[in-house]
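The numbers in this note's numbering rise by one with no breaks, and the one at position 68 of the sequence shown is 68.
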Amino acid sequence: QLWTWFIGMSMMTTPWHVLGLLGQPRRISSVVYNNLMTLSWKPYELMMILGGLILLGSACLFIYLLVKTQFSSTTEVFEGQVEYAEPLHAVKDLPEYLNDIKLWNKVIAVFMLISFGIPILQFFFLDTYDSSAWGY
């Protein structure tokens, strides 16, 4: 499953970089698709679609493996001896609040509000300017 994810991600995202170098614009509302430059993008777009399908298959395989592992009736018991490394320095205890999941959930929530909230609010408060369609 890991290799199918890697191959699918590589096949889907590598053409993004190549097409960017070939001049394909990003985040535009319209593109003229009947000129020679846009027609030359077709093989890369097909490769992106194939990579996306491989990613979808890999995600389905991942879910299947999770469910199969969870509901599997066979369990193997490890009978060997596990050896752990000895620390070079004495181990220090962390403060109790750093081990609390509530703190880290709040930290994640703040970071998500900053990273997603500001761009979403910009849609409502910043003026937008009309631009001509690409290729004209």
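Every residue gets a Cβ at the ideal spot worked out from N, C-alpha and C, and that includes glycine. Here the structure is a predicted model, which is why all the values come from computation and not from measurement.
Residue i by DSSP, collapsed to three states: which one?
i, result
"Phe125", "helix"
"Leu94", "coil"
"Asn34", "coil"
"Gln70", "helix"
"Glu45", "helix"
"Tyr84", "coil"
"Pro25", "coil"
How about residue i and residue j: are their beta carbons less than 8 Å apart?
i, j, result
"Leu53", "Trp5", "no"
"Met48", "Pro15", "yes"
"Phe62", "Gln1", "yes"
Below 8 Å on the Cβ atoms is my contact criterion, and I expect residue i with residue j to pass it. Report the Cβ-Cβ distance as a whole number of Å.
i, j, result
"Ser58", "Gly8", "5 Å"
"Leu19", "Tyr44", "5 Å"
Under 8 Å, Cβ to Cβ, is there at least one residue of chain B near residue i?
i, result
"Ile120", "As a matter of chain content, chain B is missing from the structure shown, which is built from one protein chain."
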